[in-house]
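Asks:
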Amino acid sequence: SLASVLLLAISSTVFLLQQVIYYLGIKRGKYVDNAPKENLGTPLISVVVPVKNEPLELIEELIRNVNSLNYPKDRLELIIVSDDEPPYSDEVKSKVNELAKEVDFNIKVFIRDKPIGSKAGALAYGVLRARGDYVLIIDVDSKLSSNAINEGIKCMEQGYDACVYRWLPYLFFPTKIACAVCKSMYYVVDTLYSGRSRWGFFVFPLGSGTLFRKEALKDVGLWDYDIIQDDMWIGVKFMNKGKRIKYLDNEGIRVSVPSTYTSIRTQQLRWAYGVAQVLRKGLRMIVKSKLGLLKKIEAIFFLSQYVPTIFLSLGQGLLLLALFIEKIDPMYKFFYINIVSFIAAATYVYQFMDSLRRRGYRFFNALRSLGTNASVVATMIPALALNTLKGFLNIREVYKRTPKGVQELLHKNVSPYEVLYLAFAVFAFTFALTHNFIFTAMFFALIVAAILYTLIRSGMKIKECKLLQ
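Mind the numbering: the sequence shown is residues 424 to 892 in our numbering, read in order.
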């Protein structure tokens, strides 16, 4: 019983304190640009976009978005790398060629006959065919601000090898979960990028919204084909080679957020596996890098974000086992152990609310979003733990793209995993309650409530989701 409570308390506290410390970084003053080291003028920029099974309307929106950029069109090229199979690949190529006649910049579409390496392979393929010395990687559903290229060039003029744009959320369908994820993105970016960069920690590239020097990408050997989380892996390779990356907090790129639980589960499971895989393969590279000891340790912790889910899952199992074997209420007997967790959680909640308050959200509006996000995360914990373990143990995983646009509506929310987890939580709650283990029963009741809310309510459509910047 003591082991179960310790696992639950320590793992949750470590995760929460990590976010709390990162968020404190945004209080460390404003960003200061370094003096330019070179004048790049208006270099040729290659925008590389990998696609597979993407709706044609998203490809059309992508082309129109690039066409709206405040940058000389003769200094832009768009490279679309499609891993689609016939006949859809023919539809993609036909649509791109049709739209290319309506814009003033050069568009190339490549259909890979052998799409090895999934997204990582498509990115490498596109970069090797880019004419520009600077390559901007974005997803098909991302939307660049009109001045994004100019701000990226200013960053490059300061001598950086890559510049990372701030993520700003938008949604396809107004659902409870989509609206909550949109609002939580403000806090997530504040902690993992704005806060971390102000602390002086290494900035990892983002898979959509990073401008690279092409020579820097070639110098590190581009992306490896067996990697799931391409952005974190290229970050480790940049770190190992001493490349410099800057985070641009004042210039954003709009990225779509999942509108259904199935979509966000697909995304998060891929990320959990991916960062564990990167940490397993890249640990030695991090240790051998020229970063200071503290920054190396922090980078390892950053890539270990999903590790607490392993101990949270193990703690839940041991908690139920303790009820059977020891016939006591572990959550009541060792209540004092959770005090630090409560303090960390309270601080986390305060910072989350502060992040949204600074953008104009009212208290209860922000609180509802926090509750929805907490329910969704709680529902995914064992699945995240399993995928994290698979990444560490080198168990092969197929790259699964997050459904986008109308594709999101084609997938069901409930899978065998949710049914099994709900059954476990209901059984544990019932057993604890019937044996008068009230505190432990309350713990499992929260899990039951989270799963039911996620599956029944989170995907409900709402009239409006107001996004404030």
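Positions of the beta carbon are idealized from the N, C-alpha and C atoms, including for glycine.
With DSSP run on the structure shown, which of helix, strand or coil describes residue 674?
Replies: strand
Asks: State the Cα-Cα distance for the pair residue 463 and residue 557, rounded to the nearest angstrom.
Replies: 11 Å
Asks: Put residue 745 into one of helix, strand or coil per three-state DSSP.
Replies: helix
Asks: Between the C-alpha atoms of residue 624 and residue 616, what's the straight-line distance to the nearest angstrom?
Replies: When only Cα atoms are considered, residue 624 and residue 616 end up about 9 Å apart.
Asks: Please determine, among 816, 803 and 883, the residue with the shortest C-alpha to C-alpha distance to residue 682.
Replies: Closest by alpha carbon: 883.
Asks: Quick check on the DSSP output: what are the complete alpha helix (DSSP H) runs of length 4 or more inside the stretch 577–656, in order along the chain?
Replies: 599–612, 619–622 and 637–642
Asks: Within 10 angstroms of the Cβ of residue 850, are there 16 or more other Cβ atoms? Answer buried if so, exposed if not.
Replies: exposed
Asks: Can you name, in chain order, every residue of its own chain whose Cβ lies under 7 Å from the Cβ of residue 691, other than the five neighbours on each side?
Replies: Cβ neighbours of residue 691 beyond the five flanking positions: 803 and 807.
Asks: Does residue 505 come out as helix, strand or coil in the three-state DSSP assignment?
Replies: It is a strand residue.
Asks: Which one or two residues does DSSP pair with residue 533 in a beta bridge?
Replies: 504, per the DSSP bridge assignment.
Asks: Between residue 717 and residue 620, what straight-line distance do the alpha-carbon atoms span, to the nearest angstrom?
Replies: 14 Å
Asks: Measuring alpha carbon to alpha carbon, tell me which of 761, 763, 658 and 793 ends up nearest residue 774.
Replies: 793
Asks: Can you give me the C-alpha to C-alpha distance between residue 593 and residue 525, rounded to a whole angstrom?
Replies: 26 Å
Asks: Cβ of residue 562 within 9 Å of Cβ of residue 538?
Replies: no
Asks: Under a three-way DSSP split, which group does residue 729 fall into?
Replies: coil
Asks: In this structure, does DSSP put residue 538 in helix, strand or coil?
Replies: coil
Asks: What does DSSP give as the partner residues of residue 884 in its beta bridges?
Replies: 598
Asks: Can you tell me the Cα-Cα spacing of residue 758 and residue 425, whole angstroms?
Replies: 10 Å
Asks: Compare the C-alpha of residue 637 against each of 551, 660, 648 and 715 and name the closest.
Replies: 551
Asks: Quick test of the definition: if touching needs 3 or more C-beta pairs under 8 Å, does the stretch 781–797 touch the stretch 704–711?
Replies: The stretch 781–797 and the stretch 704–711 do not touch, with fewer than 3 CB-CB distances between them shorter than 8 Å.
Asks: Hey, would you say residue 676 sits closer than 9 Å to residue 771, going by beta carbons?
Replies: no
Asks: Buried or exposed for residue 510, please, with buried defined as at least 16 other CB atoms from any protein chain shown within 10 angstroms of its CB.
Replies: exposed
Asks: Going by Cα to Cα distance, which pick from 480, 631, 583 and 747 is closest to residue 517?
Replies: 480
Asks: Taking contact to mean 3 or more Cβ pairs, one atom from each stretch, closer than 8 Å, check whether the stretch 722–739 and the stretch 750–764 are in contact.
Replies: no
Asks: Determine, using beta carbons only, whether residue 612 and residue 687 come nearer to each other than 9 Å.
Replies: no
Asks: If you draw a straight line from the C-alpha of residue 745 to the C-alpha of residue 857, how long is it?
Replies: Using only the alpha carbons, I get a separation of about 15 Å.
Asks: Taking the C-alpha atoms as reference points, what is the distance between residue 865 and residue 545?
Replies: Each residue's Cα considered, the two are about 48 Å apart.
Asks: Quick one: grab the DSSP three-state call for residue 838.
Replies: Here DSSP, grouped into helix, strand and coil, assigns residue 838 to coil.
Asks: With which residues is residue 469 paired in a DSSP beta bridge?
Replies: 500 and 558
Asks: Give every residue of the same chain whose Cβ lies closer than 6 Å to the Cβ of residue 830, excluding the five residues on either side of it in the sequence, and list them in chain order.
Replies: Contacts found: none.
Asks: Can you tell me where the alpha helix (DSSP H) holding residue 701 begins and where it ends?
Replies: 684–711
Asks: What distance in whole Å lies between the Cβ atoms of residue 848 and residue 874, which are believed to be in contact at a cut-off of 8 Å?
Replies: In this structure, residue 874 and residue 848 form a Cβ contact; the two beta carbons are roughly 6 Å apart against a cut-off of 8 Å.
Asks: Compute the beta-carbon to beta-carbon distance between residue 769 and residue 779, rounded to the nearest angstrom, for a pair I have assumed lies under 8 Å.
Replies: Rounded, the Cβ-Cβ distance is 16 Å, inconsistent with contact.
Asks: Residue 496 and residue 528 look like a contact to me (Cβ under 8 Å); what is the Cβ gap, rounded to whole Å?
Replies: 4 Å
Asks: So residue 503 and residue 489 are in contact, right, with Cβ under 8 Å, and what is the actual spacing, rounded?
Replies: Not confirmed; about 10 Å, so no contact.
Asks: Determine the closest residue to residue 813 out of 733, 720 and 860, with distance taken between C-alpha atoms.
Replies: 733
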